[in-house]
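One structure is given below, encoded as structure tokens.
In my numbering, the protein residues as written are 273 to 369.
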């Protein structure tokens, strides 16, 4: 099997894209839902309503991340953006309490 221009085999590139788009998108969505619910509850919204609202918003967010994960040109970009997003959401979640 021949390597691509970046020296990575196509099967490995596809595997990294699948794991990044599906797993990384899910992780970022979960962090966004928990962080958003904590921020909304901290802003005065009833906690149960904040959780339901953010859970409902998590579905289109995951869909956007999933589609973008397969549309982005480079796998490296996918992993860097999802990693930065996950880091930022984790820090915001810690700050939200």
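Even glycine gets a Cβ: it sits at the ideal position worked out from N, Cα and C. Everything numeric in this text was worked out from a predicted model, so none of it was measured.
Are the region 300 to 312 and the region 322 to 342 touching, with three or more C-beta to C-beta distances below 8 Å? yes
In angstroms with no decimal places, state the Cα-to-Cα distance between residue 366 and residue 295. 21 Å
Could you check the C-alpha separation between residue 342 and residue 298 for me, to the nearest Å? Answer to the nearest angstrom: the Cα atoms are 14 Å apart.
Counting only runs of 4+ residues fully inside the region 298 to 344, write out the alpha helix (DSSP H) ranges in chain order. You should have 319 to 343.
For residue 365, does the three-state DSSP call read helix, strand or coil? helix
Under a three-way DSSP split, which group does residue 281 fall into? coil
For residue 351, which residues of its own chain have a beta-carbon under 8 Å away from its beta-carbon, when the five flanking residues on both sides are left out? Result list for residue 351: 288, 292 and 296, in chain order.
Measuring CB to CB, does residue 354 end up less than 8 Å from residue 300? yes
Taking its Cβ as the centre, do 16 or more other Cβ atoms sit within 10 Å of residue 359, making it buried, or is it exposed? When all chains shown are included, residue 359 counts as exposed.
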